[in-house]
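See below for the structure under consideration.
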């Protein structure tokens, strides 16, 4: 009877140890899941930012196209003033394009990770 009791206690202790290992493994999986969710959320936010920048670039390109059409119809002095404004818009568009490329590269890197 003592052997049976000792055997049962050992089995109980082993079951407790296994349960503790399973709890620890479950907590680790939960931490990994939370990290993956945070990473996905950050990637989505970067994608949304890149999409907004693309929209801004399209608007800038459209404005530049309209300015070019208008410039064809203007006097030389008016054309030069318009050209200066377009150059400022182009600089802003280039900066937005660079930012969009960087955001896209970050998103792609995060997707690979």
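Residue numbers (my numbering): 1053 to 1165.
Cβ coordinates follow ideal geometry from the N, Cα and C atoms, glycine included.
Source: prediction; values computed, not measured.
Query	Result
6 Å Cβ shell around residue 1098 - same chain, five flanking residues per side excluded	1155, 1158 and 1159
Assigned secondary structure, residue 1165 (DSSP; H/G/I helix, E/B strand, else coil)	coil
Sufficient close CB pairs (3 or more, under 8 Å) joining the stretch 1122-1132 to the stretch 1054-1070	no
8 Å contact criterion, which residue 1109 and residue 1145 should meet: CB distance rounded	6 Å
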